[in-house]
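Residue numbers (the working numbering), protein chains in the order written: chain W, 1 to 121; chain B, 1 to 303.
Ideal placement from N, C-alpha and C gives every residue a C-beta, glycine not left out.
Given the structure is predicted, the values throughout are model-derived calculations rather than measurements.
Note sheet for the following structure.
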Amino acid sequence: MRANRRRFAIALGGLLAGAATFGLRAVAQPSEQVIKVVARRFTFTPGTLTLRKGVPVVLELTTADVLMGFNAPDFQVRADIVPGQVARVRLVPDKVGTFTFLCDIFCGSGHETMGGTIVVA
Amino acid sequence: MRHPIDRREFLKLAGLGGVVFASGLGAARGATLSPGEGADDDFYFVQMSDTHWGFEGAPNPDAKGTLRKAVAAVNALSEQPDFIVFTGDLTHTTDDPKERRRRLAQFKEIVAELKTKNVRFMPGEHDASLDSGEAYREFFGDTHYTFDHKGVHFIALDNVSDPRAMIGEAQMQWLAADLERQPPDANIVVLTHRPLFDLYPQWDWATRDGTRAIELLMPHRNVTVFYGHIHQEHHRMTGHIAHHAAKGLMFPLPVAGSQPNRTPLPWDPAHPYRGLGFRDVESALRQAQFHLTELPVLEGVTS
Numbered sequence: 001m002r003a004n005r006r007r008f009a010i011a012l013g014g015l016l017a018g019a020a021t022f023g024l025r026a027v028a029q030p031s032e033q034v035i036k037v038v039a040r041r042f043t044f045t046p047g048t049l050t051l052r053k054g055v056p057v058v059l060e061l062t063t064a065d066v067l068m069g070f071n072a073p074d075f076q077v078r079a080d081i082v083p084g085q086v087a088r089v090r091l092v093p094d095k096v097g098t099f100t101f102l103c104d105i106f107c108g109s110g111h112e113t114m115g116g117t118i119v120v121a
Numbered sequence: 001m002r003h004p005i006d007r008r009e010f011l012k013l014a015g016l017g018g019v020v021f022a023s024g025l026g027a028a029r030g031a032t033l034s035p036g037e038g039a040d041d042d043f044y045f046v047q048m049s050d051t052h053w054g055f056e057g058a059p060n061p062d063a064k065g066t067l068r069k070a071v072a073a074v075n076a077l078s079e080q081p082d083f084i085v086f087t088g089d090l091t092h093t094t095d096d097p098k099e100r101r102r103r104l105a106q107f108k109e110i111v112a113e114l115k116t117k118n119v120r121f122m123p124g125e126h127d128a129s130l131d132s133g134e135a136y137r138e139f140f141g142d143t144h145y146t147f148d149h150k151g152v153h154f155i156a157l158d159n160v161s162d163p164r165a166m167i168g169e170a171q172m173q174w175l176a177a178d179l180e181r182q183p184p185d186a187n188i189v190v191l192t193h194r195p196l197f198d199l200y201p202q203w204d205w206a207t208r209d210g211t212r213a214i215e216l217l218m219p220h221r222n223v224t225v226f227y228g229h230i231h232q233e234h235h236r237m238t239g240h241i242a243h244h245a246a247k248g249l250m251f252p253l254p255v256a257g258s259q260p261n262r263t264p265l266p267w268d269p270a271h272p273y274r275g276l277g278f279r280d281v282e283s284a285l286r287q288a289q290f291h292l293t294e295l296p297v298l299e300g301v302t303s
């Protein structure tokens with residue numbers, strides 16, 4: 001059996017999809033909507049963010065308990081949410097649809113279900 | 001979603017239910033061997049992953065028995081591997097430090113039944129992210145390390161003890177220093193838990209600073225990465241570096257983006273243990289290749 005295993009080769013294809021994520025600290029301009037989002041183990045409130053394409057918003061992120069992360073990979077926006085601090089990220093939706101955001105700092109037994117939805121119309 | 005592998009290249013092995021292919025490491029990619037041909041320094045190891053000891057739930061009604069079955073299956077292999085690697089998530093996470101240690105102790109006791117005593121461990125985020133790997137180290141030692149085996153340099157990378165899913169600056173410098181000591185044509189295998197590339201960050205299937213690790217590895221011509229975390233077989237190239245994810249041994253997860261959430265695939269009573277398994281990795285250094293065979297949990301077990 002082992003000899004047979006040596007007979008086969010495969011050429012693999014593909015390139016690194018190097019979509020880096022990053023956090024963007026921001027201060028809201030006077031005309032920009034501010035949405036406050038509170039993280040606590042293991043939910044975000046609100047869990048759904050309803051946005052409009054091309055309309056910038058600033059998310060003000062706080063945590064009610066432990067260190068959390070906010071990550072919206074489809075918009076390359078992320079931030080650490082440190083207890084006692086407000087993390088601000090500016091997000092300009094550049095596409096319509098329904099997208100995921102998640103906590104990307106392992107925060108406990110319910111971490112893997114901690115996320116929400118961004119709806120862009 | 002486009003599958004990165006040309007499926008026509010796969011060979012289904014009758015009787016095994018597994019899949020074989022070779023991960024080319026160098027200029028001889030695609031070479032073949034005749035039966036009985038082989039170098040003395042050829043060897044094979046087994047990759048086991050994501051055993052999640054302590055998990056309870058509908059996705060695996062045999063949660064307390066699956067790991068033991070997998071151990072029996074490895075022990076039943078006609079030729080025992082040179083060594084076995086566990087690529088993380090040995091235990092299922094718990095917020096209770098005492099319970100975490102209890103699960104680690106039970107896991108260690110069960111895998112002590114493996115015939116092959118050369119066993120290498122590494123943590124997953126379920127084992128290590130809530131206490132920076134403290135409990136894990138009490139049972140299994142360092143979370144990142146290197147070892148050499150028959151001409152292959154193995155590097156175990158920890159991308160889970162930092163709960164931000166990062167390798168971190170200190171370990172990155174350690175990696176850079178280790179790689180500087182390796183010649184450009186060294187055969188290098190990286191063992192880690194999370195994918196080093198952005199497989200699907202929407203489900204946390206990524207390492208935040210993994211791109212930098214890949215950049216450090218790129219000058220070396222013969223690099224293969226084996227990892228876990230995603231509970232399914234997956235293969236991807238980043239340049240000339242092959243990345244192979246292993247099946248888990250507690251519950252399978254869906255294909256990235258195939259459903260709204262990364263909830264485990266349901267247990268199928270008609271096909272128990274489907275989607276679970278371990279991997280036989282055979283090194284054929286003369287051909288600069290690794291040949292992978294995917295094996296089911298019940299491989300070789302008659303009861």
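Can you say whether residue i is buried or exposed, counting buried as having 16 or more other CB atoms within 10 angstroms of its CB?
| i | result |
| --- | --- |
| Thr263 (chain B) | exposed |
| Asp41 (chain B) | exposed |
| Val310 (chain B) | Shown here, chain B extends from 1 to 303; a query on residue 310 (chain B) therefore has no answer. |
| His144 (chain B) | buried |
| Asn71 (chain W) | buried |
| Asp280 (chain B) | buried |
| Ser129 (chain B) | buried |
| Val37 (chain W) | buried |
| Val96 (chain W) | exposed |
| Ala112 (chain B) | exposed |
| Ala19 (chain W) | Residue confidence is low: Ala19 (chain W) scores 30 on pLDDT, short of 50, so the model does not pin down where it sits. Its coordinate-derived value is still stated next. Label assigned to Ala19 (chain W): exposed. |
| Val34 (chain W) | exposed |
| Ser31 (chain W) | exposed |
Rounded to a whole number of angstroms, what is the C-alpha to C-alpha distance between residue i and residue j?
| i | j | result |
| --- | --- | --- |
| Asp95 (chain B) | Gly88 (chain B) | 18 Å |
| His240 (chain B) | Ile188 (chain B) | 12 Å |
| Leu104 (chain B) | Arg90 (chain W) | 42 Å |
| Gly38 (chain B) | Arg40 (chain W) | Any reading at Gly38 (chain B) needs caution, since the residue's pLDDT is 46, under 50, leaving its predicted position unreliable; the model's value is listed next. Taking the straight line joining both Cα atoms gives about 57 Å. |
| Thr63 (chain W) | Ala70 (chain B) | 41 Å |
| Trp205 (chain B) | Arg181 (chain B) | 30 Å |
| Gln232 (chain B) | Phe278 (chain B) | 10 Å |
| Ala284 (chain B) | Phe43 (chain B) | 7 Å |
| Pro314 (chain B) | Gln106 (chain B) | Here chain B comprises residues numbered 1 to 303, so residue 314 (chain B) is not present and cannot be evaluated. |
| Val223 (chain B) | Asp148 (chain B) | 14 Å |
| Asn159 (chain B) | Glu134 (chain B) | 14 Å |
| Leu61 (chain W) | Arg88 (chain W) | 6 Å |
| Pro266 (chain B) | Ala156 (chain B) | 32 Å |
| Val77 (chain W) | Pro254 (chain B) | 25 Å |
| Ser23 (chain B) | Asp209 (chain B) | The predicted model places Ser23 (chain B) with a pLDDT of 49, which falls under 50 and marks its position as unreliable, so this point remains unresolved. |
| Phe83 (chain B) | Glu282 (chain B) | 11 Å |
| Asp74 (chain W) | Glu79 (chain B) | 47 Å |
| Gly115 (chain W) | Ala76 (chain B) | 42 Å |
| Trp53 (chain B) | Leu67 (chain B) | 8 Å |
| Thr50 (chain W) | Phe99 (chain W) | 11 Å |
Mind checking which residues open and close the alpha helix (DSSP H) that includes residue i?
| i | result |
| --- | --- |
| Gln171 (chain B) | 169-180 |
| Gly210 (chain B) | 210-217 |
| Glu52 (chain B) | For the sequence presented, residue 52 (chain B) should be read as His rather than Glu. It is not in any alpha helix (DSSP H) - His52 (chain B) carries neither H nor E in the DSSP assignment. |
| Ile110 (chain B) | 97-111 |
| Ala39 (chain W) | Taken as a continuous stretch (DSSP letters only), Ala39 (chain W) belongs to no alpha helix (DSSP H), being part of the beta strand (DSSP E) at 33-40. |
| Phe139 (chain B) | 134-140 |
| Ala128 (chain B) | 125-128 |
For the beta strand (DSSP E) that residue i lies in, which residues bound it at each end?
| i | result |
| --- | --- |
| Thr146 (chain B) | 145-149 |
| Leu199 (chain B) | No beta strand (DSSP E) contains Leu199 (chain B), which DSSP labels as neither H nor E. |
| Tyr227 (chain B) | 222-227 |
| Val143 (chain W) | What the structure shows of chain W is the stretch from 1 to 121, and residue 143 (chain W) is not part of that stretch, so it cannot be assessed. |
| Asn187 (chain B) | 187-191 |
| Val60 (chain W) | Reading the sequence as shown, one finds Glu at residue 60 (chain W) and not Val. 57-63 is the span of the beta strand (DSSP E), which, as asked, contains Glu60 (chain W). |
| Arg120 (chain B) | 119-122 |
| His153 (chain B) | 152-156 |
| Leu67 (chain B) | Element bounds for Leu67 (chain B): not the beta strand (DSSP E) but the alpha helix (DSSP H), 66-75. |
| Phe44 (chain W) | 43-45 |
| Thr93 (chain B) | Counting along the chain, Thr93 (chain B) falls outside any beta strand (DSSP E), and DSSP gives it neither H nor E. |
| Thr50 (chain W) | 48-51 |
According to DSSP, residue i sits in a beta bridge with which residue or residues?
| i | result |
| --- | --- |
| Asp280 (chain B) | B:Val46, B:Thr293 |
| Asn71 (chain W) | W:Arg78, W:Leu102 |
| Ala206 (chain B) | Per DSSP, none; premise fails for Ala206 (chain B). |
| Phe83 (chain B) | B:Phe45 |
| Met237 (chain B) | B:Ala242 |
| Val160 (chain B) | Beta-bridge pairing links Val160 (chain B) to no other residue. |
| Gly97 (chain W) | W:Val120 |
| Gly248 (chain B) | B:Leu276 |
Check your understanding: Taking a cut of 8 Å between CB atoms, which residues from the segment 84-100 of chain B lie near chain W?
Key -> Thr93, Thr94, Asp95
**Study point:** Contacting positions in the segment 126-146 of chain B - beta carbon closer than 7 Å to chain W
**Key:** Ser129, Leu130
Practice item. Output, in sequence order along the chain, the residues in the segment 207-220 of chain B whose CB is closer than 9 Å to any CB in chain W. Key: Here the close residues are Arg208, Thr211, Ile214.
Review point. If you measure beta-carbon to beta-carbon, which residues of the segment 51-76 of chain W are closer than 8 Å to chain B?
Key: Leu67, Gly69, Asn71, Pro73, Asp74
Check your understanding: What residues in the segment 150-172 of chain B have a beta carbon less than 7 Å from any beta carbon of chain W?
Key -> Within the segment 150-172 of chain B, contact with chain W at the beta-carbon level (separation under 7 Å) is assigned to Pro163, Arg164, Ala165.
**Study point:** chain A contacts made by the segment 103-114 of chain W, where a contact means CB separation under 8 Å
**Key:** Absent from the structure: chain A. Protein chains present are W and B.
Check your understanding: At a Cβ cut of 7 Å, what residues of the segment 194-205 of chain B count as close to chain W, listed as they run along the chain?
Key -> Phe197, Asp198, Pro201, Gln202, Asp204
Practice item. Identify each residue in the segment 79-103 of chain W for which the Cβ-Cβ distance to at least one residue of chain B is less than 7 Å, and report them in chain order. Key: Closer than 7 Å at the C-beta level to chain B, one finds these residues of the segment 79-103 of chain W: Thr100, Leu102.
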